[in-house]
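Numbering (our numbering), first residue to last: 10 to 497.
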(Lines of atoms letter the chains of each structure in order from A and count residues from 1; the text may use other names and numbers.)
(Lines give C-alpha, C1' and ligand atoms only; values in the text may rest on other atoms or scores of the structure.)
Protein backbone atom coordinates (compact mmCIF):
# COMPACT_ATOMS: atom_id res chain seq x y z
CA UNK A 1 0.00 0.00 0.00
CA UNK A 2 1.45 3.35 -1.05
CA UNK A 3 1.61 6.46 1.13
CA UNK A 4 -1.11 8.12 -0.95
CA UNK A 5 -3.43 5.14 -0.47
CA UNK A 6 -2.78 5.19 3.26
CA UNK A 7 -3.50 8.93 3.44
CA UNK A 8 -6.68 8.39 1.42
CA UNK A 9 -7.90 6.02 4.14
CA UNK A 10 -7.51 8.66 6.88
CA UNK A 11 -10.76 10.48 7.72
CA UNK A 12 -11.12 13.94 6.21
CA UNK A 13 -11.62 15.43 9.68
CA UNK A 14 -8.05 14.35 10.47
CA UNK A 15 -6.50 14.97 7.06
CA UNK A 16 -7.72 18.58 6.79
CA UNK A 17 -6.21 19.80 10.11
CA UNK A 18 -2.98 17.90 9.47
CA UNK A 19 -2.69 19.41 6.00
CA UNK A 20 -3.41 22.89 7.39
CA UNK A 21 -0.77 22.41 10.11
CA UNK A 22 1.73 21.06 7.56
CA UNK A 23 1.05 24.02 5.29
CA UNK A 24 1.60 26.37 8.20
CA UNK A 25 4.90 24.64 9.02
CA UNK A 26 6.05 25.01 5.41
CA UNK A 27 5.02 28.66 5.36
CA UNK A 28 6.71 29.20 8.73
CA UNK A 29 9.94 27.67 7.49
CA UNK A 30 9.90 29.87 4.40
CA UNK A 31 9.09 33.02 6.39
CA UNK A 32 11.66 32.19 9.06
CA UNK A 33 14.32 31.56 6.44
CA UNK A 34 13.60 34.90 4.77
CA UNK A 35 13.50 36.79 8.10
CA UNK A 36 16.76 35.23 9.32
CA UNK A 37 18.44 35.86 5.98
CA UNK A 38 17.36 39.47 6.04
CA UNK A 39 18.45 39.79 9.69
CA UNK A 40 21.83 38.28 8.79
CA UNK A 41 22.29 40.81 6.00
CA UNK A 42 21.27 43.69 8.23
CA UNK A 43 23.59 42.57 11.04
CA UNK A 44 26.52 42.23 8.64
CA UNK A 45 25.72 45.65 7.22
CA UNK A 46 25.47 47.16 10.70
CA UNK A 47 28.68 45.53 11.88
CA UNK A 48 30.43 46.61 8.68
CA UNK A 49 29.42 50.24 9.28
CA UNK A 50 30.69 50.07 12.86
CA UNK A 51 33.99 48.51 11.76
CA UNK A 52 34.48 51.13 9.05
CA UNK A 53 33.89 53.86 11.61
CA UNK A 54 36.43 52.25 13.93
CA UNK A 55 39.02 51.89 11.14
CA UNK A 56 38.39 55.45 9.92
CA UNK A 57 39.09 56.80 13.39
CA UNK A 58 42.29 54.76 13.81
CA UNK A 59 43.73 55.28 10.35
CA UNK A 60 44.28 59.02 10.72
CA UNK A 61 46.03 58.63 14.07
CA UNK A 62 48.14 55.62 13.07
CA UNK A 63 49.54 56.75 9.72
CA UNK A 64 52.37 59.00 11.17
CA UNK A 65 53.79 56.46 13.67
CA UNK A 66 53.43 53.59 11.22
CA UNK A 67 55.17 55.66 8.57
CA UNK A 68 58.09 56.11 11.02
CA UNK A 69 57.79 52.46 12.17
CA UNK A 70 57.51 53.79 15.73
CA UNK A 71 56.37 50.85 17.85
CA UNK A 72 55.76 52.79 21.08
CA UNK A 73 53.81 55.59 19.54
CA UNK A 74 51.71 53.08 17.59
CA UNK A 75 50.95 51.17 20.78
CA UNK A 76 50.17 54.46 22.56
CA UNK A 77 47.60 55.32 19.87
CA UNK A 78 46.00 51.91 20.23
CA UNK A 79 45.93 52.19 24.01
CA UNK A 80 44.39 55.69 24.01
CA UNK A 81 41.73 54.91 21.42
CA UNK A 82 40.66 51.71 23.19
CA UNK A 83 38.45 53.59 25.63
CA UNK A 84 37.08 55.84 22.90
CA UNK A 85 35.83 52.92 20.75
CA UNK A 86 34.69 50.74 23.67
CA UNK A 87 31.12 50.73 22.32
CA UNK A 88 32.41 49.03 19.17
CA UNK A 89 33.53 46.10 21.36
CA UNK A 90 36.88 45.31 19.64
CA UNK A 91 38.49 42.19 21.06
CA UNK A 92 41.97 42.68 19.60
CA UNK A 93 43.60 45.23 17.31
CA UNK A 94 46.87 44.50 15.51
CA UNK A 95 48.88 46.96 13.36
CA UNK A 96 51.34 45.60 10.81
CA UNK A 97 54.10 47.44 8.95
CA UNK A 98 55.27 47.37 5.35
CA UNK A 99 56.80 43.91 5.75
CA UNK A 100 53.56 42.45 7.16
CA UNK A 101 55.05 41.84 10.62
CA UNK A 102 53.31 43.00 13.75
CA UNK A 103 54.26 46.58 14.60
CA UNK A 104 52.03 46.89 17.63
CA UNK A 105 49.03 45.22 19.22
CA UNK A 106 46.48 46.15 21.84
CA UNK A 107 47.65 43.08 23.83
CA UNK A 108 51.43 42.73 23.27
CA UNK A 109 51.57 39.59 25.39
CA UNK A 110 49.16 37.77 23.12
CA UNK A 111 50.56 39.19 19.86
CA UNK A 112 54.26 40.17 20.37
CA UNK A 113 55.94 42.92 18.39
CA UNK A 114 57.66 41.86 15.13
CA UNK A 115 55.88 38.49 15.25
CA UNK A 116 54.00 36.95 12.35
CA UNK A 117 50.37 37.97 11.96
CA UNK A 118 48.07 35.30 13.53
CA UNK A 119 46.33 33.02 11.01
CA UNK A 120 42.81 34.18 11.91
CA UNK A 121 43.78 37.73 10.94
CA UNK A 122 45.78 36.67 7.89
CA UNK A 123 42.67 35.14 6.33
CA UNK A 124 40.64 38.32 6.70
CA UNK A 125 39.53 40.19 3.62
CA UNK A 126 41.71 43.11 2.55
CA UNK A 127 38.85 45.21 1.12
CA UNK A 128 37.95 46.91 4.38
CA UNK A 129 34.91 44.72 4.88
CA UNK A 130 33.99 42.36 7.71
CA UNK A 131 34.31 38.60 7.84
CA UNK A 132 32.17 36.86 10.48
CA UNK A 133 32.84 33.54 12.16
CA UNK A 134 29.42 32.77 13.71
CA UNK A 135 30.67 29.62 15.42
CA UNK A 136 33.46 31.55 17.20
CA UNK A 137 31.16 34.54 17.89
CA UNK A 138 33.84 36.75 16.34
CA UNK A 139 34.07 39.18 13.44
CA UNK A 140 37.32 40.03 11.65
CA UNK A 141 38.19 43.14 9.66
CA UNK A 142 41.24 44.66 7.95
CA UNK A 143 41.99 48.21 6.71
CA UNK A 144 45.13 49.06 4.66
CA UNK A 145 47.04 52.18 5.74
CA UNK A 146 47.72 54.34 2.71
CA UNK A 147 50.11 57.28 2.43
CA UNK A 148 50.41 59.01 -0.94
CA UNK A 149 48.61 56.08 -2.60
CA UNK A 150 51.14 53.63 -1.15
CA UNK A 151 50.45 50.93 1.43
CA UNK A 152 52.59 51.48 4.49
CA UNK A 153 50.82 48.95 6.73
CA UNK A 154 47.43 47.63 7.81
CA UNK A 155 45.05 47.55 10.76
CA UNK A 156 43.65 44.14 11.73
CA UNK A 157 40.89 43.89 14.31
CA UNK A 158 38.56 41.27 15.81
CA UNK A 159 35.16 42.14 17.29
CA UNK A 160 32.79 40.45 19.72
CA UNK A 161 29.47 39.61 17.96
CA UNK A 162 27.81 37.75 20.85
CA UNK A 163 25.11 40.41 21.02
CA UNK A 164 24.30 39.81 17.34
CA UNK A 165 24.02 36.06 17.89
CA UNK A 166 21.84 36.65 20.94
CA UNK A 167 19.63 38.86 18.81
CA UNK A 168 19.40 36.17 16.13
CA UNK A 169 18.54 33.53 18.72
CA UNK A 170 15.85 35.77 20.20
CA UNK A 171 14.34 36.43 16.79
CA UNK A 172 14.45 32.71 15.96
CA UNK A 173 12.75 31.74 19.23
CA UNK A 174 10.09 34.38 18.65
CA UNK A 175 9.49 33.07 15.14
CA UNK A 176 9.25 29.48 16.32
CA UNK A 177 6.86 30.33 19.13
CA UNK A 178 4.71 32.52 16.90
CA UNK A 179 4.62 30.02 14.06
CA UNK A 180 3.86 27.12 16.40
CA UNK A 181 1.00 29.08 17.95
CA UNK A 182 -0.34 30.03 14.52
CA UNK A 183 -0.04 26.43 13.28
CA UNK A 184 -1.94 25.17 16.35
CA UNK A 185 -4.64 27.83 15.93
CA UNK A 186 -5.07 27.16 12.20
CA UNK A 187 -5.01 23.37 12.72
CA UNK A 188 -7.71 23.66 15.38
CA UNK A 189 -9.76 25.96 13.17
CA UNK A 190 -9.25 23.58 10.23
CA UNK A 191 -10.40 20.63 12.34
CA UNK A 192 -13.53 22.45 13.48
CA UNK A 193 -14.35 23.66 9.97
CA UNK A 194 -13.68 20.22 8.46
CA UNK A 195 -15.91 18.60 11.08
CA UNK A 196 -18.70 21.02 10.31
CA UNK A 197 -18.27 20.58 6.56
CA UNK A 198 -18.08 16.78 6.70
CA UNK A 199 -20.89 16.26 9.21
CA UNK A 200 -23.70 16.50 6.59
CA UNK A 201 -21.79 14.15 4.28
CA UNK A 202 -21.30 11.69 7.15
CA UNK A 203 -25.01 11.79 7.91
CA UNK A 204 -25.92 11.23 4.27
CA UNK A 205 -23.38 8.38 3.93
CA UNK A 206 -24.82 6.65 7.02
CA UNK A 207 -28.33 6.77 5.56
CA UNK A 208 -27.08 5.52 2.20
CA UNK A 209 -25.33 2.57 3.89
CA UNK A 210 -28.52 1.74 5.76
CA UNK A 211 -30.35 1.78 2.44
CA UNK A 212 -27.79 -0.57 0.89
CA UNK A 213 -28.13 -2.95 3.86
CA UNK A 214 -31.93 -2.95 3.85
CA UNK A 215 -34.86 -0.59 3.56
CA UNK A 216 -33.63 3.02 3.25
CA UNK A 217 -34.90 5.53 5.78
CA UNK A 218 -35.41 9.25 5.38
CA UNK A 219 -33.25 11.84 7.12
CA UNK A 220 -34.96 13.31 10.17
CA UNK A 221 -35.53 17.11 10.21
CA UNK A 222 -33.25 17.53 13.25
CA UNK A 223 -30.36 16.07 11.21
CA UNK A 224 -30.70 18.72 8.49
CA UNK A 225 -28.12 21.55 8.29
CA UNK A 226 -29.06 24.59 10.32
CA UNK A 227 -29.07 26.81 7.22
CA UNK A 228 -30.43 26.29 3.76
CA UNK A 229 -27.96 25.57 1.01
CA UNK A 230 -26.52 22.82 -1.12
CA UNK A 231 -26.49 20.24 1.68
CA UNK A 232 -30.10 20.99 2.65
CA UNK A 233 -31.13 20.59 -1.00
CA UNK A 234 -29.18 17.33 -1.14
CA UNK A 235 -30.94 16.04 2.00
CA UNK A 236 -34.36 16.96 0.58
CA UNK A 237 -33.47 15.22 -2.67
CA UNK A 238 -32.38 12.09 -0.78
CA UNK A 239 -35.64 12.02 1.19
CA UNK A 240 -37.65 12.42 -2.01
CA UNK A 241 -35.68 9.57 -3.57
CA UNK A 242 -36.32 7.32 -0.54
CA UNK A 243 -40.05 8.09 -0.62
CA UNK A 244 -40.19 7.39 -4.35
CA UNK A 245 -38.35 4.09 -3.83
CA UNK A 246 -40.77 3.11 -1.05
CA UNK A 247 -43.75 3.89 -3.25
CA UNK A 248 -42.23 1.98 -6.15
CA UNK A 249 -41.49 -1.03 -3.93
CA UNK A 250 -45.01 -0.99 -2.49
CA UNK A 251 -46.50 -0.67 -5.99
CA UNK A 252 -44.31 -3.49 -7.27
CA UNK A 253 -45.33 -5.79 -4.44
CA UNK A 254 -49.00 -4.94 -4.86
CA UNK A 255 -48.87 -5.52 -8.62
CA UNK A 256 -46.98 -8.77 -8.11
CA UNK A 257 -49.65 -10.00 -5.71
CA UNK A 258 -52.34 -8.91 -8.12
CA UNK A 259 -50.63 -10.77 -10.95
CA UNK A 260 -50.27 -13.82 -8.76
CA UNK A 261 -53.96 -13.68 -7.83
CA UNK A 262 -54.89 -13.13 -11.46
CA UNK A 263 -53.00 -16.24 -12.54
CA UNK A 264 -54.58 -18.12 -9.65
CA UNK A 265 -58.01 -16.94 -10.82
CA UNK A 266 -57.33 -18.19 -14.33
CA UNK A 267 -56.25 -21.53 -12.88
CA UNK A 268 -59.27 -21.65 -10.60
CA UNK A 269 -61.66 -21.33 -13.53
CA UNK A 270 -59.91 -24.19 -15.32
CA UNK A 271 -59.62 -26.25 -12.16
CA UNK A 272 -63.35 -25.80 -11.47
CA UNK A 273 -64.07 -27.46 -14.80
CA UNK A 274 -61.45 -30.14 -14.05
CA UNK A 275 -63.02 -30.85 -10.66
CA UNK A 276 -66.62 -30.70 -11.86
CA UNK A 277 -66.03 -33.47 -14.40
CA UNK A 278 -65.02 -36.14 -11.84
CA UNK A 279 -67.69 -34.84 -9.46
CA UNK A 280 -70.37 -35.79 -11.97
CA UNK A 281 -68.98 -39.27 -12.15
CA UNK A 282 -68.70 -39.44 -8.36
CA UNK A 283 -72.33 -38.46 -7.93
CA UNK A 284 -73.33 -41.09 -10.47
CA UNK A 285 -71.29 -43.69 -8.56
CA UNK A 286 -73.05 -42.78 -5.34
CA UNK A 287 -76.45 -43.06 -7.04
CA UNK A 288 -75.43 -46.46 -8.42
CA UNK A 289 -74.41 -47.62 -4.95
CA UNK A 290 -77.75 -46.58 -3.56
CA UNK A 291 -79.62 -48.56 -6.17
CA UNK A 292 -77.37 -51.56 -6.68
CA UNK A 293 -75.13 -51.56 -3.60
CA UNK A 294 -76.06 -55.10 -2.78
CA UNK A 295 -74.29 -56.32 -5.93
CA UNK A 296 -70.64 -56.98 -5.08
CA UNK A 297 -69.33 -56.33 -8.59
CA UNK A 298 -71.26 -53.07 -8.92
CA UNK A 299 -70.19 -51.98 -5.45
CA UNK A 300 -66.50 -52.67 -6.14
CA UNK A 301 -66.60 -50.86 -9.45
CA UNK A 302 -68.38 -47.83 -7.97
CA UNK A 303 -65.94 -47.62 -5.02
CA UNK A 304 -62.98 -47.81 -7.40
CA UNK A 305 -64.42 -44.93 -9.44
CA UNK A 306 -64.98 -42.92 -6.24
CA UNK A 307 -61.40 -43.51 -5.08
CA UNK A 308 -59.83 -42.50 -8.39
CA UNK A 309 -62.01 -39.42 -8.72
CA UNK A 310 -61.36 -38.20 -5.19
CA UNK A 311 -57.63 -38.92 -5.62
CA UNK A 312 -57.56 -36.75 -8.74
CA UNK A 313 -59.33 -33.91 -6.93
CA UNK A 314 -56.95 -34.29 -3.99
CA UNK A 315 -53.90 -34.05 -6.28
CA UNK A 316 -55.18 -30.87 -7.94
CA UNK A 317 -55.90 -29.19 -4.59
CA UNK A 318 -52.56 -30.33 -3.13
CA UNK A 319 -50.62 -28.92 -6.10
CA UNK A 320 -52.40 -25.58 -5.79
CA UNK A 321 -51.64 -25.40 -2.08
CA UNK A 322 -47.98 -26.29 -2.62
CA UNK A 323 -47.61 -23.41 -5.08
CA UNK A 324 -49.65 -20.64 -3.49
CA UNK A 325 -49.73 -21.26 0.27
CA UNK A 326 -47.72 -18.36 1.86
CA UNK A 327 -46.30 -20.28 4.82
CA UNK A 328 -44.29 -22.52 2.50
CA UNK A 329 -42.43 -19.69 0.76
CA UNK A 330 -39.08 -20.72 2.25
CA UNK A 331 -39.35 -24.44 1.48
CA UNK A 332 -36.48 -25.95 -0.52
CA UNK A 333 -37.08 -27.23 -4.03
CA UNK A 334 -37.74 -30.91 -4.62
CA UNK A 335 -37.50 -31.85 -8.26
CA UNK A 336 -40.56 -34.04 -7.95
CA UNK A 337 -42.55 -30.94 -6.90
CA UNK A 338 -42.24 -29.60 -10.45
CA UNK A 339 -44.87 -32.21 -11.37
CA UNK A 340 -47.35 -29.96 -9.51
CA UNK A 341 -47.01 -27.47 -12.36
CA UNK A 342 -47.94 -30.18 -14.83
CA UNK A 343 -51.04 -30.94 -12.83
CA UNK A 344 -52.02 -27.28 -12.33
CA UNK A 345 -51.52 -26.36 -15.99
CA UNK A 346 -53.39 -29.45 -17.18
CA UNK A 347 -56.86 -27.86 -17.23
CA UNK A 348 -55.63 -24.87 -19.27
CA UNK A 349 -53.86 -27.22 -21.69
CA UNK A 350 -56.93 -29.41 -22.03
CA UNK A 351 -59.31 -26.47 -22.51
CA UNK A 352 -57.42 -25.52 -25.69
CA UNK A 353 -57.05 -29.11 -26.94
CA UNK A 354 -53.28 -28.76 -26.67
CA UNK A 355 -50.61 -31.37 -26.17
CA UNK A 356 -48.11 -31.10 -23.31
CA UNK A 357 -44.72 -32.74 -23.85
CA UNK A 358 -43.28 -33.01 -20.34
CA UNK A 359 -39.79 -34.39 -19.84
CA UNK A 360 -38.44 -34.18 -16.29
CA UNK A 361 -35.79 -35.80 -14.15
CA UNK A 362 -37.27 -38.83 -12.33
CA UNK A 363 -35.71 -38.06 -8.96
CA UNK A 364 -36.78 -36.85 -5.54
CA UNK A 365 -33.59 -34.86 -4.88
CA UNK A 366 -33.97 -31.75 -2.67
CA UNK A 367 -32.03 -28.61 -3.66
CA UNK A 368 -31.67 -26.51 -0.52
CA UNK A 369 -30.23 -23.47 -2.33
CA UNK A 370 -33.36 -22.98 -4.47
CA UNK A 371 -36.81 -21.98 -3.11
CA UNK A 372 -39.42 -24.52 -4.20
CA UNK A 373 -42.65 -22.47 -4.25
CA UNK A 374 -40.99 -19.55 -6.05
CA UNK A 375 -39.58 -21.74 -8.82
CA UNK A 376 -42.85 -23.65 -9.21
CA UNK A 377 -44.67 -20.31 -9.57
CA UNK A 378 -42.16 -19.10 -12.18
CA UNK A 379 -42.43 -22.33 -14.16
CA UNK A 380 -46.23 -22.18 -13.95
CA UNK A 381 -46.20 -18.64 -15.34
CA UNK A 382 -44.02 -19.73 -18.27
CA UNK A 383 -46.22 -22.77 -19.02
CA UNK A 384 -49.44 -20.72 -18.89
CA UNK A 385 -47.90 -18.05 -21.14
CA UNK A 386 -46.74 -20.76 -23.55
CA UNK A 387 -50.21 -22.30 -23.57
CA UNK A 388 -51.82 -18.92 -24.29
CA UNK A 389 -49.30 -18.28 -27.10
CA UNK A 390 -49.65 -21.76 -28.67
CA UNK A 391 -53.42 -21.32 -29.28
CA UNK A 392 -55.96 -24.06 -29.95
CA UNK A 393 -54.51 -27.46 -30.83
CA UNK A 394 -51.00 -26.14 -30.24
CA UNK A 395 -48.16 -27.81 -28.41
CA UNK A 396 -46.20 -26.94 -25.25
CA UNK A 397 -42.96 -28.66 -24.23
CA UNK A 398 -41.16 -28.60 -20.87
CA UNK A 399 -37.65 -29.96 -20.32
CA UNK A 400 -35.69 -30.14 -17.07
CA UNK A 401 -32.17 -31.40 -16.42
CA UNK A 402 -28.68 -30.63 -15.12
CA UNK A 403 -25.66 -29.07 -16.84
CA UNK A 404 -22.04 -28.26 -15.96
CA UNK A 405 -21.50 -31.43 -14.01
CA UNK A 406 -24.73 -31.13 -12.07
CA UNK A 407 -24.02 -27.61 -10.77
CA UNK A 408 -26.77 -25.90 -12.83
CA UNK A 409 -30.47 -26.78 -12.99
CA UNK A 410 -31.91 -26.15 -16.48
CA UNK A 411 -35.63 -25.59 -17.08
CA UNK A 412 -36.76 -24.98 -20.68
CA UNK A 413 -40.29 -24.13 -21.87
CA UNK A 414 -41.18 -23.92 -25.57
CA UNK A 415 -44.40 -23.61 -27.59
CA UNK A 416 -45.58 -23.71 -31.20
CA UNK A 417 -47.06 -20.21 -31.10
CA UNK A 418 -46.10 -17.18 -33.21
CA UNK A 419 -43.25 -16.30 -30.86
CA UNK A 420 -42.48 -13.96 -27.99
CA UNK A 421 -42.47 -10.25 -28.86
CA UNK A 422 -39.33 -8.17 -28.45
CA UNK A 423 -40.93 -6.08 -25.68
CA UNK A 424 -41.81 -9.18 -23.68
CA UNK A 425 -38.41 -10.76 -24.34
CA UNK A 426 -36.76 -7.61 -23.00
CA UNK A 427 -38.38 -8.27 -19.62
CA UNK A 428 -36.36 -11.48 -19.37
CA UNK A 429 -33.07 -10.27 -20.87
CA UNK A 430 -32.65 -6.51 -20.36
CA UNK A 431 -30.61 -4.92 -17.59
CA UNK A 432 -33.70 -3.00 -16.36
CA UNK A 433 -36.52 -5.57 -16.25
CA UNK A 434 -38.95 -3.33 -14.37
CA UNK A 435 -38.96 -0.63 -17.06
CA UNK A 436 -39.28 -3.32 -19.73
CA UNK A 437 -42.22 -4.89 -17.84
CA UNK A 438 -43.99 -1.53 -17.69
CA UNK A 439 -43.47 -1.05 -21.41
CA UNK A 440 -44.61 -4.61 -22.24
CA UNK A 441 -47.63 -4.49 -19.92
CA UNK A 442 -47.96 -7.44 -17.52
CA UNK A 443 -45.94 -8.83 -14.64
CA UNK A 444 -45.89 -12.59 -15.28
CA UNK A 445 -42.53 -12.56 -17.06
CA UNK A 446 -41.18 -9.91 -14.66
CA UNK A 447 -41.91 -12.24 -11.73
CA UNK A 448 -39.97 -14.98 -13.54
CA UNK A 449 -37.05 -12.62 -14.09
CA UNK A 450 -37.09 -11.50 -10.44
CA UNK A 451 -36.95 -15.11 -9.28
CA UNK A 452 -34.01 -15.84 -11.58
CA UNK A 453 -32.16 -12.75 -10.34
CA UNK A 454 -32.76 -13.71 -6.71
CA UNK A 455 -31.05 -17.08 -7.17
CA UNK A 456 -28.25 -15.71 -9.38
CA UNK A 457 -29.48 -17.51 -12.50
CA UNK A 458 -29.64 -16.62 -16.17
CA UNK A 459 -32.45 -16.42 -18.73
CA UNK A 460 -32.01 -17.24 -22.41
CA UNK A 461 -34.68 -16.55 -25.06
CA UNK A 462 -34.50 -18.21 -28.47
CA UNK A 463 -36.81 -17.44 -31.36
CA UNK A 464 -39.67 -14.95 -31.13
CA UNK A 465 -41.28 -12.43 -33.48
CA UNK A 466 -42.86 -15.01 -35.77
CA UNK A 467 -40.91 -18.14 -34.88
CA UNK A 468 -41.22 -20.78 -32.18
CA UNK A 469 -40.03 -19.53 -28.79
CA UNK A 470 -37.94 -21.38 -26.22
CA UNK A 471 -37.26 -19.81 -22.82
CA UNK A 472 -34.47 -21.46 -20.84
CA UNK A 473 -33.77 -20.87 -17.15
CA UNK A 474 -30.30 -21.78 -15.89
CA UNK A 475 -30.34 -21.83 -12.09
CA UNK A 476 -27.02 -22.41 -10.28
CA UNK A 477 -27.07 -24.58 -7.21
CA UNK A 478 -24.70 -22.11 -5.48
CA UNK A 479 -23.32 -18.50 -5.86
CA UNK A 480 -26.73 -16.95 -5.33
CA UNK A 481 -26.89 -13.24 -6.04
CA UNK A 482 -24.02 -13.24 -8.57
CA UNK A 483 -24.36 -10.67 -11.38
CA UNK A 484 -24.93 -12.28 -14.79
CA UNK A 485 -25.61 -11.21 -18.36
CA UNK A 486 -29.13 -12.52 -19.19
CA UNK A 487 -28.73 -11.74 -22.87
CA UNK A 488 -25.71 -14.03 -23.23
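Each residue gets a CB set at the ideal place from its N, CA and C atoms; glycine is no exception.
Alpha-carbon to alpha-carbon, residue j and residue i
i	j	result
residue 36	residue 42	10 Å
residue 218	residue 482	33 Å
residue 344	residue 423	19 Å
residue 395	residue 405	6 Å
residue 114	residue 50	30 Å
residue 398	residue 349	21 Å
residue 354	residue 407	12 Å
residue 425	residue 487	33 Å
residue 292	residue 302	14 Å
residue 26	residue 247	29 Å
residue 264	residue 256	12 Å
residue 243	residue 254	16 Å
residue 313	residue 305	12 Å
residue 316	residue 375	30 Å
residue 377	residue 208	45 Å
residue 231	residue 200	23 Å
residue 66	residue 187	42 Å
residue 158	residue 62	21 Å
residue 174	residue 46	13 Å
For residue j and residue i, believed in contact at Cβ under 8 Å, the rounded distance
i	j	result
residue 104	residue 126	With 8 Å as the limit, residue 104 and residue 126 do not qualify as a contact, their Cβ atoms being about 10 Å apart.
residue 116	residue 101	6 Å
residue 464	residue 480	No, residue 464 and residue 480 are not in contact; Cβ-Cβ is about 16 Å, not under 8 Å.
residue 192	residue 34	6 Å
residue 359	residue 393	Their Cβ separation, rounded to whole angstroms, is 13 Å, which puts residue 359 and residue 393 out of contact at 8 Å.
residue 178	residue 68	Not quite, the Cβ-Cβ distance comes to about 34 Å (not below 8 Å), so this is no contact.
residue 196	residue 29	5 Å
residue 468	residue 458	6 Å
residue 4	residue 44	Residue 4 lies beyond the residue range present for the chain, which begins at 10 and ends at 497; the question has no answer from this structure.
residue 484	residue 466	4 Å
residue 251	residue 234	Incorrect: roughly 18 Å between the Cβ atoms, too far for contact.
residue 32	residue 180	Going by Cβ atoms, the distance from residue 32 to residue 180 rounds to 23 Å, so no, they are not a contact pair.
Run of the alpha helix (DSSP H) containing residue i, from where it starts to where it stops
i	result
residue 386	381-399
residue 423	Counting along the chain, residue 423 falls outside any alpha helix (DSSP H), though it belongs to the beta strand (DSSP E) covering 417-424.
residue 344	First-last for residue 344: undefined, no H or E at that position.
Range covered by the beta strand (DSSP E) that runs through residue i
i	result
residue 433	Per DSSP, residue 433 belongs to no beta strand (DSSP E); it is in the alpha helix (DSSP H), 431-438.
residue 168	159-169
residue 141	139-142
residue 103	99-105
residue 126	Looking at the DSSP string, residue 126 is not in any beta strand (DSSP E), and its letter there is neither H nor E.
residue 486	No beta strand (DSSP E) holds residue 486; DSSP gives it neither H nor E.
residue 411	404-412
residue 113	111-114
residue 153	147-156
residue 471	467-471
residue 364	364-368
Cutoff 6 Å; reference residue i; Cβ partners in own chain excluding five residues on either side
i	result
residue 139	56, 57, 60, 148, 150
residue 99	166, 168
residue 216	228
residue 141	148
residue 383	460
residue 120	103, 111, 114
Cβ-based neighbour list, residue i, same chain, cut-off 8 Å, excluding 5 preceding and 5 following
i	result
residue 362	401, 402
residue 409	344, 347, 368, 369, 370, 418, 419, 420, 421
residue 161	72, 75, 76, 106, 107, 154, 155
residue 198	29
residue 373	343, 344, 345
Own chain partners of residue i with C-beta closer than 7 Å, once the 5 adjacent residues on each side are dropped
i	result
residue 381	340, 341, 342, 343, 346
residue 170	56, 141, 146, 147, 148
residue 163	105, 151, 152, 153, 154
heavy atom of the ligand MN below 8 Å from residue i C-beta
i	result
residue 205	In terms of ligand content, the structure shown is empty, and the ligand MN therefore cannot be addressed.
- Query: Considering only residues of the region 169-227, which uninterrupted alpha helix (DSSP H) runs meet the minimum length of 4 residues and lie entirely inside it, listed in chain order?
  - Reply: 171-222
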